[in-house]
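Working notes, beginning with the structure itself.
Listed below in C-alpha cells is the structure:
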C-alpha cells in the first residue's frame, strides 16, 4: 500500500463535486436510460417470471406462510435460481458503469457509455466463477438494507418489516438480537465498501480477495472515510433542499394566489405541484452517482494506482470513442434526454403522489388504535381501550387468545413473560388465573380481561377490530368466538380479522353478518381470489398497484402498523381505507391537515402563533 499525503477534507469534497459536474451529462443520460429500462422492462419481466412460477406451482396469490411453502418448493427454488442471478447482474452493471464514469472523471477523462457498459459486461464471467453467493448477498441484501436509499435502481433499499422489528424492540433480548444482527451486517458492509472498485478497477476475480483488499484500504481510516461520505451527501442534500425550498415557496404563493376552486386554479396548482415532484425526482437521480463518486474519490486517494488494470484514455483513443459515440449515442442524445424526461414525468405522476394531490376531501379514513392506545394503558387492557376512546379513534384493535378453560382472553403474546414477568403460556392458565396477573408496560399497569369484558367496556363508545390469534392448542376457537359474539350481540360494533385464512372463512360462514378481514404480512396477493370482506396489510407491502387492485375488487384495505407521519401521509394519499397505528391522535391531526389543504393548514397554524 502506497503512502499518501492527507488531503484536506474540504478539498476531497470539492473534488467529488468537480468530478460529478464533469460527468454530469453522462451520468444524467445513463441514469435516465437505466431507470427507463428498469421501470418498463426489467421490473415487469421479473414480476412476470415470479408470478408465472407461482401459477405453475399452484401458488397463485400466495400470502403469509403459503409464500414460504412456495420458496421451499421446487418451483420456488427454480424461480430463485433464475431471478437472483438476473437481479445481481442488473445491479452490478449499473454500479460498475457508475464506477467507471467516476474513475475516469477523476482523471478528467471521458469514457463513453457504450464502452463503459461493454467493459462492465466483461466482468460478468468472473462474477459467476468466484464467490457469486457473496456478490448476491452483498448486492441484494446487505447493501440495500443499509444503504439508506442510495442503492441501485432495481433495489434501492430494503427494510425490516415493522411487525418484526416492533416485536423485537418490546423485549431486552429481542432488542439485543436486533442490534447484534444489524451490527454484524453493518460491520461487513463497511469492510466491503470498495468491493465494486476491486473488481471494476483492479480486476480482482475472487470475492474473498476483493473483500480483503477493501478491508485493507479501510484500515485505520473508518472515521475519516465516514466523515467524507457524510459531508458530501449532506452538502448535496443542502443544495437540493434550498432549491426545493424555492420551488415550494412558489407553490405556496401560487396556492395562495389561486385560492379559488375554479378549473383553472386546479390546473395551475396541479402543474406547479407536479413540477415540484419532478424536480425532486430529477435531484434523486444523482444521489447514487454522488455516493459512488465519493467512494471512488476515496479509493483513488488510498489505493495504489499501479493496481489498476484499466487503460488510460489517450487522445487518439478518446477521439475514436468520441466518434463512435457520435455515431450511436451522441447522435441520438436529444432523443434519449427527451425519453428520460418522459420517464421522469411518468414516474412523478404515477409512482410519486404529487404535493397538490395529497388531499383527502370528504373521503372517510378509519383510524384504529393498535392494541388500544398504549400511551394511556398497557396494550390490550381496559385502560388502553379507554385511551383510544379519549383519542376519538374509530376502532380499538385488540387481540384474543383461547385460554385453558376455553375462554377468550384479550392479549397478544402467547407467553406472558414480556408483560407480566411470569414465564407461562396463555393456554396453560384459566381466565380467572389470567385476571390475577398484573400487566406492566413502562410505568403503566393494568389487568388481562376477557373478550366479553372488553366488549362491555367498549359498547356504545368505540368499535372494536378483533384479531383472532392462534397458539396451536385451541380446542373450539371459532365456535367460542361466535358464541360470545351472539351473547354480547356485538356484531354491528366490530370487525374481525385474522392471519389464519381458514379462520377467516370459518368465522364468515358461522356469522355472515360480520365484517371479516384477512391479515397479510408477506406475499403477492391476488385480491380477486381472496375471500374476505377487507384486507389488512403490513405497510411495506402497500403500494399504488395493491391499492388499485383492492379498489377494483371492492375490498377495503387497512395498513398496519403505521406510526411515522410521512408514512401516514403517503398511505392517505394512496387512498387506503384506514390505518392501524400506535398514535391515533397524530393520525387524526394529519387527516385534518390533509382534508383542509396546505394553505388552510398554514393559515390555521399562523393564527395560532403568538407574535
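Residue numbers (full-length UniProt numbering): 1 to 611.
Cβ coordinates follow ideal geometry from the N, Cα and C atoms, glycine included.
Given the structure is predicted, the values throughout are model-derived calculations rather than measurements.
Report the CB separation of residue 497 from residue 536 in whole angstroms; it is logged as a contact under 8 Å.
5 Å
If you compare alpha carbons, which of 566, 463, 538 and 564 is closest to residue 515?
463
Less than 7 Å between C-beta atoms, sequence neighbours within five positions excluded: which residues of the same chain meet that for residue 195?
138, 210, 211 and 214
Is there contact between the region 402-414 and the region 367-383, where contact requires at least three CB pairs shorter than 8 Å?
yes
I need the straight-line Cα distance from residue 564 to residue 587, nearest angstrom please.
9 Å
Is residue 483 helix, strand or coil by DSSP?
helix
So for residue 379, helix, strand or coil by DSSP?
coil
What number of angstroms, rounded off, separates the C-alpha of residue 352 from the C-alpha of residue 576?
Because residue 352 sits at a pLDDT of 47, beneath the cut-off of 50, its placement in the model cannot be relied upon, and the following sentence gives the value as read from the coordinates. Taking the straight line from one Cα to the other gives about 15 Å.
Since I believe residue 454 is in contact with residue 445 (beta carbons under 8 Å), could you give me their beta-carbon distance rounded to a whole number of angstroms?
Actually they do not touch by this definition, with Cβ atoms about 17 Å apart.
Considering only their Cβ atoms, is the gap separating residue 106 from residue 224 smaller than 8 Å?
no
Along the chain, where does the beta strand (DSSP E) that runs through residue 440 open and close?
438-441
Residues bridged to residue 534 by DSSP?
517
Tell me, which residues are paired with residue 395 by DSSP?
368 and 463
Pair within 8 Å by beta-carbon distance, residue 51 and residue 562
no
Outcome for residue 59 when other beta-carbon atoms lying within 10 angstroms are tallied against a minimum of 16
buried
Report the rounded CA-to-CA distance for residue 117 versus residue 97, giving the unit in angstroms.
6 Å
Count Cβ pairs between the region 469-479 and the region 416-432 that sit closer than 8 Å; are there 3 or more?
yes
Over what stretch of residues does the alpha helix (DSSP H) that includes residue 409 continue unbroken?
Element bounds for residue 409: not the alpha helix (DSSP H) but the beta strand (DSSP E), 408-410.
Specify, as a first and last residue, the run of the beta strand (DSSP E) that residue 121 falls within.
Counting along the chain, residue 121 falls outside any beta strand (DSSP E), though it belongs to the alpha helix (DSSP H) covering 113-121.
Which same chain residues end up closer than 8 Å to residue 168 when comparing Cβ atoms and leaving out the 5 residues on each side of it in sequence?
174, 175, 177 and 178
Please go through the same chain and pick out, in chain order, the residues whose beta-carbon is closer than 7 Å to the beta-carbon of residue 18, but skip the five residues on each side of it.
none
Rounded straight-line distance, which links the Cα of residue 380 to that of residue 399
7 Å
Indicate whether residue 566 and residue 161 have their beta-carbon atoms separated by less than 8 Å.
no
Using the rule of at least 16 other Cβ atoms within 10 Å of the residue's Cβ for burial, across every protein chain shown, is residue 593 buried or exposed?
buried
Given that a residue counts as buried once 16 or more other Cβ atoms are within 10 Å of its Cβ, and exposed if not, what is residue 62?
buried
Straight-line CA distance for residue 102 to residue 152?
16 Å
Alpha carbon of residue 120 to alpha carbon of residue 526, nearest angstrom
38 Å
Run of the beta strand (DSSP E) containing residue 495, from where it starts to where it stops:
494-498
Where does residue 184 land, buried or exposed, given buried means 16+ other C-beta within 10 angstroms?
exposed
Would you call the region 303-315 in contact with the region 199-207, where contact means no fewer than 3 C-beta pairs closer than 8 Å?
yes
Hey, out of 11, 584 and 505, whose CA is closest to residue 530's CA?
505
Please report the residue range of the alpha helix (DSSP H) in which residue 444 lies.
Segment 444-447 is the beta strand (DSSP E) holding residue 444; no alpha helix (DSSP H) there.
With DSSP collapsed to three states, give me the class of residue 611.
For residue 611, the predicted structure reports a pLDDT of 36, less than 50, and the residue's modelled location is therefore unreliable. A value from the coordinates is still provided. Coil.
Residue 501, enclosing alpha helix (DSSP H) - first and last residue:
501-510
Whole-number beta carbon distance between residue 286 and residue 27, since they are thought to touch under 8 Å:
7 Å
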